[in-house]
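Enquirer: In this text, residue positions in the sequence shown follow the working numbering: the first is 9, and each later residue adds one. We put the CB at the ideal spot given by N, CA and C, even for glycine. As the structure is a prediction and not an experimental result, all values here were calculated from the model. Here it is, the structure, as structure tokens.
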Amino acid sequence: MAAGSPCASCKLLRRRCAKNCIFAPYFPSDDPHKFAMVHKVFGASNVSKMLQELPVHQRADAVSSLVYEANARMRDPVYGCVGVISFLQNQVSHLQMQLAMAQAEVLCIQMQQESSMANQQMHTDDKSFLLHNSINTMPQFMNFASGSVVQGPFKIESL
């Protein structure tokens, strides 16, 4: 950190920011609230120990996680991140249930439309069948002059 501008942690802890300050790269002086939350939840000593135990390339991710957890703990001191995760899982389950219901409703509507189309097609086929058969069988029913008696739709007996 620059000699005249201490990092947010050193500013909050009212100490001189050293060249090798473990907090300086992750808690800049322009965002003091970020370190204040982490310090309140975890304590500066614990955060310092955690960061020292990690390789340098993992520290930024660790600080990001600590800030997120501290923020969640400030909002919900009992459950923290677990409360957020649980809430989001419940929301996902609820939305999945709504999606399944909507998909079932779409399927029902599609089946009703297919059934309606099939009924219309059958109704049209019945009409054409009746029309076709009535034209072809009409001469049989009109053969009364020959002395025949019609007993059924297609049975003709001689007298």
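So, is Arg-23 buried or exposed, given that buried needs 16 or more other C-beta atoms within 10 angstroms?
Expert: Exposed: under 16 other Cβ atoms inside 10 Å.
Enquirer: Buried or exposed: Pro-14, going by 16 or more other Cβ atoms within 10 Å of its Cβ?
Expert: Buried, since its Cβ has 16 or more Cβ neighbours within 10 Å.
Enquirer: Is the beta carbon of Leu-20 sitting closer than 8 Å to the one on Phe-43?
Expert: In contact: Leu-20 and Phe-43 (Cβ atoms closer than 8 Å).
Enquirer: So, is Cys-116 buried or exposed, given that buried needs 16 or more other C-beta atoms within 10 angstroms?
Expert: Cys-116 is exposed by the Cβ-count criterion.
Enquirer: Please work out which residues of its chain come closer than 7 Å, Cβ to Cβ, to Met-58, disregarding the five sequence neighbours upstream and downstream, and give them in chain order.
Expert: Around Met-58: Ala-70.
Enquirer: So what's Ala-32 in DSSP terms, helix, strand or just coil?
Expert: Ala-32: coil per DSSP, three-state reduction.
Enquirer: Where does the unbroken alpha helix (DSSP H) through Leu-21 begin, and where does it stop?
Expert: Looking at the DSSP string, the run of the alpha helix (DSSP H) that includes Leu-21 is 16-21.
Enquirer: Applying the criterion that 16 or more other CB atoms from any shown protein chain within 10 Å of the CB defines a buried residue, is Thr-107 buried or exposed?
Expert: As written in the sequence, residue 107 is Leu, which differs from the Thr given in the question. Per the 10 Å Cβ criterion, exposed.
Enquirer: Quick one: measure Cβ to Cβ for Met-45 and Ala-16, integer angstroms, because I've assumed they're closer than 8 Å.
Expert: The pair is not a contact, with the Cβ atoms about 11 Å apart (cut-off 8 Å).
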